[in-house]
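Trainee: Let me give you the structure first, and then I'll get to my questions.
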Amino acid sequence: MSEFDHRDGVSRRKVLECMTWCGTGVLWTISGGVPHSLGIMGEAQAAETKGLTFLQISDSHVGFDKPANPNALGTLEEAIKKVSALPQKPAFMIHTGDITHLSKEKEFDDADHIISQSRLDVHYVPGEHDFVDTDRKIYQERYGRAAKGHGWYSFDANGVHFIGLVNTFDLKAGGLGNLGTEQLEWLEHDVKGRSASTPIVLFAHIPLWTVYQDWGWGTDDSAQALSYLKKFGSVTVLNGHIHQVMQKVEGNVTFHTARSTAFPQPAPGTAPSPGPMKVPEDQLRKMLGIANVNFKQNEQRLAIVDSPLQG
Amino acid sequence: MLRPLIASSVLGAAIGSVLAASVLFARAEATPGTVFIDNFIFNPKGLTVKAGTTVTWTNRDDIVHGIAASNNAFKKSPAMDTDDSYSFTFTTPGTYQYFCYLHPQMVGSIVVEATTGSNATQ
Chain R
59 MSEFDHRDGV SRRKVLECMT WCGTGVLWTI SGGVPHSLGI MGEAQAAETK
109 GLTFLQISDS HVGFDKPANP NALGTLEEAI KKVSALPQKP AFMIHTGDIT
159 HLSKEKEFDD ADHIISQSRL DVHYVPGEHD FVDTDRKIYQ ERYGRAAKGH
209 GWYSFDANGV HFIGLVNTFD LKAGGLGNLG TEQLEWLEHD VKGRSASTPI
259 VLFAHIPLWT VYQDWGWGTD DSAQALSYLK KFGSVTVLNG HIHQVMQKVE
309 GNVTFHTARS TAFPQPAPGT APSPGPMKVP EDQLRKMLGI ANVNFKQNEQ
359 RLAIVDSPLQ G
Chain A
134 MLRPLIASSV LGAAIGSVLA ASVLFARAEA TPGTVFIDNF IFNPKGLTVK
184 AGTTVTWTNR DDIVHGIAAS NNAFKKSPAM DTDDSYSFTF TTPGTYQYFC
234 YLHPQMVGSI VVEATTGSNA TQ
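Chains as they are written, first to last, in our numbering: chain R, 59 to 369; chain A, 134 to 255.
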């Protein structure tokens, strides 16, 4: 690991600068069937937790080295250190994709080396950046051996049914994210026999609601997927991909996107493209505040709470 | 955002926006198959070339892109990081729709014309 240590040492200051704005993770508690976000982890440490608590990280983009963040591995490491320092250990972690930037073996190795330091079980779904190796096999070999299709699966924890979906594999020209017929049929069967009172947590990389069509921030056949979940009283959809916190509530469904641990992307329509955004240093802490969102426990309507750390 | 433009051996020159007009004038015939990716857009979005032309895509964004034909009509590119290029030689006339396989909202087309008959006039 000499190369890693060297890089880490050279850019330590940069890492610390980045950590003032890079998202680290969202801590979730499910109590009484309603997922409740404890906000960013600084707040979470002080919060009293009960029921099932799990963590979401996303878009670590290991291998990314452009001006928006020359050391994405370093900021991932800082995020995982914060996870490890939590006074109450989460039950597990989900990673909502773009583990790597270029699907290289070394990038996956580096990501695994850092993320495993959390000593948590991690449930992954792939981003489009995890499928750009020539044969598109590496993600599947590492994370999807027990999964169906290109990596979808479900599991239960504390009475909550978790479903990890893949909407980044079979992308169509001119389209958005795509689940495809085979996965939709699997989903329909997966939830069919379950009680309507079972809380459902659905997670996938690209948002399962249309955040901004012009930038491809949505999934073509997500409405079909959500139609299978209409009978359930509590459905929470967790995504990444857009490198910023967004939330929408529609009936019984709460949609939420997590920050990246690597680099921010612009708010919809505020830049010529959704590419990595280099942030002036004096705006960093403001941006950290903008992305803070809370779910109100035991309420049908969930609220966005703006809580900037500065300004 | 400024970034250095890497001169491509295929192109023979890096084309800056200030110099674009004069460079293109000088090289219009020598480099008929050039597509740049800027801000998640293929430029030009539609390109017409003669059969046998090698088309080269160059990614000038800070994010990865990849070229794939909509119906697998030509070989897809490897993942293209910043300043990476990908070339494909089109020998068969026809219209080739393509897209970015990471960002499928990005679409473009290459129209390949037969070389038979007179092609001397511009």
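Don't be surprised by glycine CBs; every beta carbon is placed ideally from N, CA and C.
In this text, all values refer to a predicted model and were calculated from it rather than measured experimentally.
1) Below 8 Å on the Cβ atoms is my contact criterion, and I expect Asp156 of chain R with His263 of chain R to pass it. Report the Cβ-Cβ distance as a whole number of Å.
2) For Pro148 of chain R, is the classification buried or exposed, using 16 other Cβ atoms within 10 angstroms of its Cβ as the cut-off for buried?
3) Could you give the DSSP three-state label for Gly235 of chain R: helix, strand or coil?
4) Which runs of the beta strand (DSSP E), 3 residues or longer, sit entirely within the stretch 220-291 of chain R?
5) Span of the alpha helix (DSSP H) holding Lys164 of chain R?
6) Can you grab the Cα-Cα spacing for the pair Thr181 of chain A / Ile243 of chain A, in whole Å?
7) Once you ignore the five residues that flank Val183 of chain R on each side, which residues in its own chain have a CB closer than 7 Å to its CB?
8) At which residues does the beta strand (DSSP E) containing Leu131 of chain R begin and terminate?
9) Below 8 Å, can you find three or more Cβ-Cβ pairs linking the stretch 120-129 of chain R to the stretch 300-308 of chain R?
10) Using 8 Å as the limit for Cβ to Cβ distance, is Glu246 of chain R near chain A?
11) Distance, Cα to Cα, Arg177 of chain R vs Gln146 of chain R?
12) Under DSSP, the alpha helix (DSSP H) around Tyr234 of chain A begins and ends at which residues?
13) The beta strand (DSSP E) with Glu246 of chain A in it runs from where to where?
14) Given that Gly199 of chain A touches chain R, what residues does it touch there, using C-beta distances under 7 Å?
15) Return the residue from the list R:Asp191, R:Ile152, R:His181 and R:Lys139 that minimises the CA-CA distance to Glu163 of chain R.
16) Under the rule that 16 or more other beta-carbon atoms within 10 Å means buried, what is Phe168 of chain R, buried or exposed?
17) Report the CB separation of Thr225 of chain A from Val245 of chain A in whole angstroms; it is logged as a contact under 8 Å.
18) For the stretch 212-242 of chain R, enumerate the residues whose C-beta is nearer than 9 Å to any C-beta of chain A, in chain order.
19) Can you tell me whether Pro332 of chain R is buried or exposed, with buried defined as 16 or more other CB within 10 angstroms of its CB?
20) Buried or exposed: where does Arg317 of chain R fall if 16 or more other Cβ atoms within 10 Å of its Cβ makes it buried?
21) List, in order along the chain, the chain R residues whose C-beta lies closer than 7 Å to that of Tyr234 of chain A?
22) Could you check how far apart the C-beta atoms of His187 of chain R and Val197 of chain A are, in whole angstroms? I think they sit under 8 Å.
23) Using 8 Å as the threshold, is the C-beta distance between Tyr229 of chain A and Ala206 of chain A below it?
24) Below 6 Å CB to CB, which residues in the same chain sit around Phe175 of chain A once its five sequence neighbours on both sides are set aside?
25) What does a CB cutoff of less than 6 Å around Gly185 of chain R pick up in its chain, not counting 5 residues either side in sequence?
26) Does DSSP classify Asp188 of chain R as helix, strand or coil?
27) For Asn172 of chain A, count neighbouring C-beta atoms within 10 Å of its own C-beta (all shown protein chains included) and say buried if the count is 16 or more, exposed if not.
28) By alpha-carbon positions, which one of R:Glu135, R:Ile196 and R:Ala254 ends up nearest to Pro219 of chain R?
29) Would you please state the rounded distance, in angstroms, between the beta carbons of Thr277 of chain R and Pro265 of chain R? I believe it to be under 8 Å.
30) If you follow the beta strand (DSSP E) that Gln305 of chain R is in, where does it begin and where does it stop?
31) Gly333 of chain R touches chain A at which residues, Cβ-Cβ below 8 Å?
32) Between Pro322 of chain R and Val337 of chain R, is the Cβ-Cβ spacing less than 8 Å?
33) Ser176 of chain R by DSSP, collapsed to three states: which one?
34) Pick out whichever of R:Val249, R:Asp193, R:Ala231 and R:Val259 has its Cα sitting closest to the Cα of Ala454 of chain R.
Mentor: In brief:
1) Start at 1 with the first residue of the first sequence, and residue 156 of chain R comes out as number 98. Start at 1 with the first residue of the first sequence, and residue 263 of chain R comes out as number 205. About 7 Å separates the two Cβ atoms, so the contact holds.
2) For the purposes of this step, residue 148 of chain R is identified with residue 90 of the first sequence, where counting begins at 1. Its Cβ being crowded by 16 or more others within 10 Å, Pro148 of chain R is buried.
3) By 1-based counting over the first sequence, the position of residue 235 of chain R is 177. In this structure, Gly235 of chain R counts as strand in the three-state DSSP scheme.
4) 258-261
5) Indexing the first sequence from 1 puts residue 164 of chain R at position 106. Glu163 to Ile173 is the span of the alpha helix (DSSP H), which, as asked, contains Lys164 of chain R.
6) Along the second sequence, read from residue 1 onward, the residue named residue 181 of chain A stands at position 48. Along the second sequence, read from residue 1 onward, the residue named residue 243 of chain A stands at position 110. Distance between the alpha carbons of Thr181 of chain A and Ile243 of chain A: 6 Å.
7) Looking up residue 183 of chain R in the first sequence gives position 125. Thr154, Gly155, Gly209, Gly222, Leu223, Val224, Phe261, Ala262 and His263.
8) For the purposes of this step, residue 131 of chain R is identified with residue 73 of the first sequence, where counting begins at 1. Taken as a continuous stretch (DSSP letters only), Leu131 of chain R belongs to no beta strand (DSSP E), being part of the alpha helix (DSSP H) at Ala130 to Ser142.
9) no
10) Locating residue 246 of chain R in the first sequence gives position 188, counting from the first residue. No, Glu246 of chain R does not count as interfacial toward chain A.
11) The residue labelled residue 177 of chain R in the question sits at position 119 within the first sequence. The residue labelled residue 146 of chain R in the question sits at position 88 within the first sequence. Roughly 13 Å separates the two Cα atoms.
12) Position 101 of the second sequence, counting from 1, holds the residue named residue 234 of chain A. Looking at the DSSP string, Tyr234 of chain A is not in any alpha helix (DSSP H), and its letter there is neither H nor E.
13) Taking the second sequence and counting its residues from 1, the one referred to as residue 246 of chain A is at position 113. Start and end: Val240 to Glu246.
14) Position 66 of the second sequence, counted from the first residue, corresponds to residue 199 of chain A. Residues of chain R passing the Cβ test: Val190.
15) Along the first sequence, read from residue 1 onward, the residue named residue 163 of chain R stands at position 105. The shortest C-alpha separation from Glu163 of chain R is found at R:Asp191.
16) Stepping through the first sequence from its first residue, residue 168 of chain R is reached at position 110. Per the sequence shown, the amino acid found at residue 168 of chain R is Asp instead of Phe. By the neighbour-count rule (16 or more Cβ atoms within 10 Å), Asp168 of chain R is buried.
17) In the second sequence, counting from the first residue as 1, residue 225 of chain A sits at position 92. In the second sequence, counting from the first residue as 1, residue 245 of chain A sits at position 112. Indeed they touch by this definition, with Cβ atoms about 7 Å apart.
18) Thr226, Leu229, Lys230, Ala231, Gly232, Gly233, Leu234, Gly235 and Asn236
19) The residue you call residue 332 of chain R lines up with position 274 of the first sequence. Buried, since its Cβ has 16 or more Cβ neighbours within 10 Å.
20) As a working note, residue 317 of chain R is residue 259 in the first sequence. So Arg317 of chain R ends up on the buried side.
21) The residue labelled residue 234 of chain A in the question sits at position 101 within the second sequence. Those are Leu229, listed as they occur along chain R.
22) Taking the first residue of the first sequence as position 1, residue 187 of chain R is located at position 129. Taking the first residue of the second sequence as position 1, residue 197 of chain A is located at position 64. Yes, they are in contact, since the Cβ atoms of His187 of chain R and Val197 of chain A sit about 7 Å apart, within 8 Å.
23) Walking along the second sequence from the start, residue 229 of chain A turns up at place 96. Walking along the second sequence from the start, residue 206 of chain A turns up at place 73. Taking 8 Å as the Cβ cut-off, Tyr229 of chain A and Ala206 of chain A qualify as a contacting pair.
24) Indexing the second sequence from 1 puts residue 175 of chain A at position 42. Closer than 6 Å at the Cβ level, and outside the excluded window around Phe175 of chain A, lie Val168 and Gly241.
25) The sequence position of residue 185 of chain R within the first sequence is 127, counting from 1. Gly155, Asp156, Thr226 and His263, listed in sequence order.
26) Locating residue 188 of chain R in the first sequence gives position 130, counting from the first residue. The answer is helix: DSSP assigns Asp188 of chain R an H, G or I state.
27) As a position in the second sequence, residue 172 of chain A is number 39, starting the count at 1. Flag for Asn172 of chain A reads exposed.
28) For the purposes of this step, residue 219 of chain R is identified with residue 161 of the first sequence, where counting begins at 1. Correcting the residue identity first, residue 219 of chain R is His in this sequence and not Pro. Residue R:Ala254 is the option with its Cα nearest to His219 of chain R.
29) Here residue 277 of chain R refers to the residue found at position 219 when the first sequence is read from its first residue. Here residue 265 of chain R refers to the residue found at position 207 when the first sequence is read from its first residue. Sure, about 7 Å apart at Cβ, within 8 Å.
30) Against the first sequence, residue 305 of chain R aligns to sequence position 247. From DSSP, the beta strand (DSSP E) with Gln305 of chain R extends over Met304 to Glu308.
31) If you number the first sequence from 1, residue 333 of chain R lands on position 275. Within 8 Å Cβ-Cβ: Asn172, Phe173, Asp194, Asp195 and Ile196.
32) Walking along the first sequence from the start, residue 322 of chain R turns up at place 264. Walking along the first sequence from the start, residue 337 of chain R turns up at place 279. In this structure, Val337 of chain R lies closer than 8 Å to Pro322 of chain R by Cβ.
33) As a position in the first sequence, residue 176 of chain R is number 118, starting the count at 1. Residue state, collapsed to three classes: helix.
34) This structure gives no information on residue 454 of chain R, because the portion of chain R shown stretches from 59 to 369.
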